[in-house]
Each structure stands twice: as structure tokens, then as C-alpha cells.
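In mature numbering (1 follows the signal peptide of the UniProt record, and there is no 0), the protein residues as written are -22 to -1, 1 to 404.
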């Protein structure tokens, strides 16, 4: 039960947090998972998160507003040692969708990225990422690959503090994992190559704002399946875990060694046994739960049991919203900031948002909305009203604080993702 005393403890803890850096975030596109989530993760330790406005960023059918976005970026000034974390696809092509279909040339793409050379010359640390597009959607893979290869040169000459090259949604037959492997052969030490896309801005937030080394212990609900190749990654789950841990600044520890964080990966098996195991692990230390058993949705049994045990509010992080790589990257990034020293009030609010999106929406509310409304009506005011009405049974949501759902909309006109607001209750 939440008390006035517990709220005073939370507020007092804020005063003890270490001073944090400001940062500039230029996301992949305007989706909440690629923009709002990394900004919220950054906000756990940073009082000054400068997120590119949503209206400037790419959407499903329209790319980023090139000139205004360039002007916004040029206008962002910070002390020299404060980071810029940027999606190169947003600058070069207008967003993730547009990186697959844009007709622009290699030279035109590089010209759009030239603003980063100016920022680097001003001694601003730049943490950047670029994707290798999914197949068969990409219309000019050779162009994308040539731009990515040139980014290796920029990383080598110091333009980037760090560069992550990630492959997007690699289904069987996709050339992206092989392209990534080739690029990795000549990549300088400040470049990482691995599967992912939507979560990478969050991973780079962790690299920039919590650069200290950290150790993580990994446990699977079904260890026998840990080495199986997983959908959308093109590599084994255990390999993806290792790569995303590295991408967020973690070192995996061997069995029997100690770590401040346990990453519990739910990859199948009995959900009640898994929930009880998570509860036991929480009695020993910090735990992040990543649910990869199904793509884009949480497992109802697992999260129902964890909720009964009142455990989601105690986690360092949780993720079940996307592909395995999406979930691993965002949860590990979130957990890294928690280890660094997160604002406890913001931490509770972020956990509540993750639970609302990854559990309530993905596993329960989204299927109900799809039954209630056709996709063509999701941009209407009626869709917001329907979503709020269907969600009322799940609110108020009790974590350390209580939250109610006040807004719901579908900014990309589809049910895959939503945008929502939670209000803290007295």
C-alpha cells in the first residue's frame, strides 16, 4: 500500500541522485517506441533531454521534414562534452520506412549527414546509428550499404564517439546479417554491428549517459532453447542477448559469478514457474524481465502471475513490446540507467508506462481494439474514445504510485502502436 511516508522517501531519494548530463536526441521516427521511450529512459538521470519534436520526424507515409529538422539540430547547443544521440536514417532518408524506399543517391544522403561533421568539429560527442534495411522492402540495398560503409570511415576519423550498425527485421533469406558481418570485418573499435532498429536510440542513451562498465547475469526460462535462431534476428537468442548487452555497456558474467543485475529472459516454458523464479531473484537483487516468447506482445500468463505477486513495480526494467532485439535493447538500456542512479519517482512512472504498453496494450487491449474498430478508423476521435473505454477495467494502475489513463491515440493510424498518457493520482 502506498503511504505518505513512502512518497517522502521517494522525494528524498531524488535529492541524493548524482548530477546528470544533458543530451540531444534525434530519433529514428515519430513512433513512441523510437522517440518517447528513449527520452523517458534518458530522463531517469538527465534533467535536460532535448527530443526532436514529433512533427519534424518521419511517419508511416511521410518522411521527416528535412530542412526544419536540419535547422532544429543546428540550433541545439550544449557545452562541448554533452552528447548528441542521433539516427542517421532520420537525417539521411527521413526515417526507417523511408530508408527502405527513398530514391536519393549516396551523395545526397551524405550531404544531409554533413551537419554532423560540423557538430563533431565543435567537439560534441556524437553517438550514432544506421540500419541495414529489411528484405524485401528495400528498393536500393546497394545505396544503403554504401552509406553505411562510409559511416565506418566517419567513425574511424573521430566524427562519431560511437557508431552502431544494426540490421532490421531479418527474416529467413534476408541479406542483412551477411551485410552486417562483412561490415564488421573492417569496423574500427568504436563500431558495433548487431540486429536491431527501434531500440538502438535507447541503447545509445545508456552508452552515453551511463558509460561505466556493469555486469549482468542472464537466466532463461527455457535454457534448452537459448541457442535456437530467433525470428527477426537471424542469429541465436543467446548471441542476440550477448550483443545487446554489449551494445548497452554490460558484460555477461559466467554461472556462479556475481552481478548487480539479473536479466531474466522469458523464452517459453511454464509461465507460473517463471513468475515464481523472477520473484525469488528479486529477493536477491535487481532484475530486468524481457519477454521474447512471442513477437510484439507479452505473455498473459507470465504477467498475470507477476502482477498477482506485485512484482512488476519492483523490476529494474521490463520489455515485451517488439522483436526479441527490441525488447532486449530497451530493457537493458533502462536497467543500465537504474544502476547508474535513476530518479525513483521517474523510475516508477516509466515502469508503469512499460507495463501499460507492453502488457496491458499488447496482450489485452490491442486485440480488443482490432475487434471493435477497422484500421481505417484509427485516426478518428472515436478510436481514442473506444481505447479509453476498453482500458478502464485495468486502471487505476497501482505501482509505488497510482496512475490513471487519460489519453489514447494512434498517431500512425494503425493498431500496432498507440500513444497514451498516464496521470499520477494522489
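Quick reminder that beta carbons are idealized off the backbone N, C-alpha and C, glycines included.
Am I right that residue 332 and residue 296 are in contact with their C-beta atoms under 8 Å? What's the rounded C-beta distance?
Here residue 332 refers to the residue found at position 354 when the chain shown is read from its first residue. Here residue 296 refers to the residue found at position 318 when the chain shown is read from its first residue. Going by Cβ atoms, the distance from residue 332 to residue 296 rounds to 5 Å, so yes, they are a contact pair.
Taking Cβ positions, are residue 259 and residue 285 nearer each other than 8 Å?
Reading the chain shown from its first residue, position 281 is the one you call residue 259. Reading the chain shown from its first residue, position 307 is the one you call residue 285. Not in contact: residue 259 and residue 285 (Cβ atoms no closer than 8 Å).
Considering only their Cβ atoms, is the gap separating residue 125 from residue 88 smaller than 8 Å?
Taking the first residue of the chain shown as 1, we reach residue 88 at position 110. Taking the first residue of the chain shown as 1, we reach residue 125 at position 147. Their beta carbons are under 8 Å apart, which means residue 88 touches residue 125 by this criterion.
Between 279, 302, 315, which has its C-alpha nearest residue 338's C-alpha?
As a working mapping, residue 338 is identified with position 360 in the chain shown. Considering only alpha carbons, the answer is 279.
Which stretch, first to last residue, makes up the beta strand (DSSP E) that contains residue 63?
Taking the first residue of the chain shown as position 1, residue 63 is located at position 85. It spans 62 to 65 - the beta strand (DSSP E) in which residue 63 sits, taken as one unbroken run.
Can you tell me whether residue 10 is buried or exposed? The criterion is at least 16 other CB atoms within 10 Å of its CB, across all chains shown.
Indexing the chain shown from 1 puts residue 10 at position 32. The residue in question, residue 10, is buried, as its Cβ has 16 or more Cβ neighbours within 10 Å.
For residue 317, which residues in the same chain have their Cβ closer than 8 Å to its Cβ, ignoring the five residues on either side in sequence?
Numbered from 1 along the chain shown, position 339 holds the residue referred to as residue 317. Contacts found: 188, 192, 238, 239, 264, 294.
Compare the C-alpha of residue 71 against each of 363, 108, 184, 319 and name the closest.
Residue 71 sits at position 93 when you count from the first residue of the chain shown. For the residues 363, 108, 184, 319, the minimum Cα distance to residue 71 belongs to 108.
In the DSSP assignment, what residue or residues form a beta bridge with residue 203?
As a position in the chain shown, residue 203 is number 225, starting the count at 1. In DSSP, residue 203 forms no bridge with anything.
Just checking, does the region 368 to 385 make contact with the region 340 to 358 on the three C-beta pairs under 8 Å criterion?
Because the criterion of three Cβ pairs below 8 Å is met, the region 368 to 385 and the region 340 to 358 touch.
I'd like the list of long-range same chain contacts for residue 132, defined as Cβ closer than 7 Å, with 5 residues on each side in sequence excluded.
Working through the chain shown from its first residue, we reach residue 132 at position 154. Excluding positions up to five away in sequence, the list reads 138.
Give me, in chain order, the residues of the same chain whose beta-carbon lies closer than 7 Å to that of residue 355; leave out the 5 immediate sequence neighbours on both sides.
Reading the chain shown from its first residue, position 377 is the one you call residue 355. Hits under 7 Å: 361.
Have a look at residue 406 and residue 185 and give me their C-alpha separation to the nearest angstrom.
Absent from the model: residue 406. The displayed extent of the chain is -22 to 404, so no value can be given.
When you compare only the Cα positions, how much space is there between residue 13 and residue 202?
To locate residue 13, count along the chain shown from 1; it is residue 35. To locate residue 202, count along the chain shown from 1; it is residue 224. One C-alpha to the other measures close to 35 Å.
Alpha carbon to alpha carbon, what distance is there between residue 250 and residue 53?
Position 75 of the chain shown, counted from the first residue, corresponds to residue 53. Position 272 of the chain shown, counted from the first residue, corresponds to residue 250. Distance between the alpha carbons of residue 53 and residue 250: 52 Å.
Between the region 318 to 325 and the region 226 to 235, do at least 3 Cβ pairs fall closer than 8 Å?
No: the two stretches stay apart, fewer than three of their Cβ pairs being nearer than 8 Å.
Our contact map puts residue 146 next to residue 175 with C-beta atoms below 8 Å; I'd like the distance itself, whole angstroms only.
If you number the chain shown from 1, residue 146 lands on position 168. If you number the chain shown from 1, residue 175 lands on position 197. The Cβ separation is near 4 Å, so the contact holds.
Taking the straight line between their C-alpha atoms, what separation do you get for residue 164 and residue 7?
For the purposes of this step, residue 164 is taken as residue 186 along the chain shown, with counting starting at 1. For the purposes of this step, residue 7 is taken as residue 29 along the chain shown, with counting starting at 1. So the alpha carbons of these two residues sit roughly 29 Å apart.
Going by other Cβ atoms of all chains shown within 10 Å of its Cβ, with 16 needed for buried, is residue 211 buried or exposed?
As a position in the chain shown, residue 211 is number 233, starting the count at 1. Residue 211 comes out buried.
So, is residue 207 buried or exposed, given that buried needs 16 or more other C-beta atoms within 10 angstroms?
Reading the chain shown from its first residue, position 229 is the one you call residue 207. Counting Cβ neighbours within 10 Å, residue 207 comes out exposed, since fewer than 16 surround it.
Going by beta carbon distance, what residues of the same chain come within less than 6 Å of residue 224, once the five residues before and after it are set aside?
Stepping through the chain shown from its first residue, residue 224 is reached at position 246. No residues qualify anywhere along the chain.
Excluding the 5 residues flanking residue 152 on each side, which residues of the same chain have their C-beta closer than 7 Å to its C-beta?
As a position in the chain shown, residue 152 is number 174, starting the count at 1. Only 112, 113, 212 meet the Cβ criterion.
May I ask you to report which of helix, strand or coil DSSP gives residue 270?
As a working mapping, residue 270 is identified with position 292 in the chain shown. Correct three-state label for residue 270: coil.
To the nearest angstrom, report how far apart residue 336 and residue 118 are at their CA atoms.
Here the question's residue 336 lines up with position 358 in the chain shown. Here the question's residue 118 lines up with position 140 in the chain shown. Each residue's Cα considered, the two are about 33 Å apart.
Classify residue 173 as helix, strand or coil using the three-state DSSP reduction.
Within the chain shown, residue 173 is the residue found at index 195, counting from 1. Three-state result, residue 173: strand.
Strictly by DSSP, which residues pair up with residue 145?
Locating residue 145 in the chain shown gives position 167, where the first residue counts as 1. DSSP, once it has assigned bridges, lists 110, 173 as partnering residue 145.
If you count every other CB in all the chains shown that lies within 10 Å of the CB of residue 253, and 16 or more means buried, which is it?
Counted from its first residue, the chain shown places residue 253 at position 275. Per the 10 Å Cβ criterion, buried.
So which of 376, 363, 397, 357 has the shortest CA-CA distance to residue 391?
For the purposes of this step, residue 391 is taken as the residue at position 413 of the chain shown. When only C-alpha atoms are compared, the closest one is 357.
Tell me, please, which residues DSSP counts as bridged to residue 264.
Taking the first residue of the chain shown as position 1, residue 264 is located at position 286. Partner(s): 239.
Under the DSSP definition of a beta bridge, which residues are partnered with residue 381?
Taking the first residue of the chain shown as position 1, residue 381 is located at position 403. According to DSSP, which records beta bridges pairwise, residue 381 is partnered with 375, 402.
Name the DSSP bridge partner or partners of residue 198?
Taking the first residue of the chain shown as 1, we reach residue 198 at position 220. For residue 198, which the question treats as bridged, DSSP gives the partners 243.
Of the choices 302, 142, 172, 141, whose alpha-carbon is the least far from that of residue 156?
Taking the chain shown and counting its residues from 1, one reaches residue 156 at position 178. Comparing Cα positions, the closest option is 172.
Which first and last residues belong to the alpha helix (DSSP H) in which residue 213 is found?
As a first step, residue 213 is located in the chain shown; it is residue number 235 there, counting from the start. Looking at the DSSP string, residue 213 is not in any alpha helix (DSSP H), and its letter there is neither H nor E.
Pick out whichever of 218, 282, 1, 319 has its Cα sitting closest to the Cα of residue 302.
Position 324 of the chain shown, counting from 1, holds the residue named residue 302. It is 218 whose Cα lies nearest to the Cα of residue 302.
DSSP three-state call for residue 255: helix, strand or coil?
What you label residue 255 is simply residue 277 of the chain shown in a count that begins at 1. The answer is helix: DSSP assigns residue 255 an H, G or I state.
Residue range of the alpha helix (DSSP H) that residue 309 falls in?
The residue given as residue 309 occupies position 331 in the chain shown. Start and end: 302 to 319.
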